[in-house]
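What follows is one structure encoded as structure tokens, with my remarks underneath.
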Amino acid sequence: MADTDHTGGGTDTLDRELEELLSRELVEDGDHERFSHYAPKNAIMESALTGKPVKALCGKLWVPGRDPQKFPVCPECKKIYESLKD
């Protein structure tokens, strides 16, 4: 007779694992590793807590994790940011 007592993580665990997998797959390859990007501060803070990727002003998806002071600002992000200030 099969044991019907299940102690697995349930659908919440599966949903979180699927969301993490999809988040990792959405992070784009490219030159974003060479630049610091502009993104909403609250999105960067959320990413620090959850590990979810952030969408920069230039459209790049990445997970912040480096000291932005050590890299030049993304030219596209800078151009968009300056146009928003006007």
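Using this note's numbering, read the sequence shown as starting at 18 and increasing by one per residue. All C-beta atoms in this analysis are idealised placements derived from N, C-alpha and C, irrespective of residue type, glycine included. Keep in mind it's a predicted model, so treat the numbers as computed, not measured.
Inset, instruction - Report the rounded CA-to-CA distance for residue 45 versus residue 77, giving the unit in angstroms. - result: Note that residue 45 scores 48 on pLDDT, short of 50, meaning its location in the model is unreliable and no value can be drawn from it.
Legend entry - Per-residue DSSP class, three states only, for residue 74: coil
Inset, instruction - Out of 79, 85, 74, 62, state which residue places its alpha-carbon closest to the alpha-carbon of residue 97. - result: 74
Inset, instruction - On the DSSP bridge assignment, give the partners of residue 90 in chain order. - result: 53
Legend entry - First and last residue of the uninterrupted alpha helix (DSSP H) at residue 69: Looking at the DSSP string, residue 69 is not in any alpha helix (DSSP H), and its letter there is neither H nor E.
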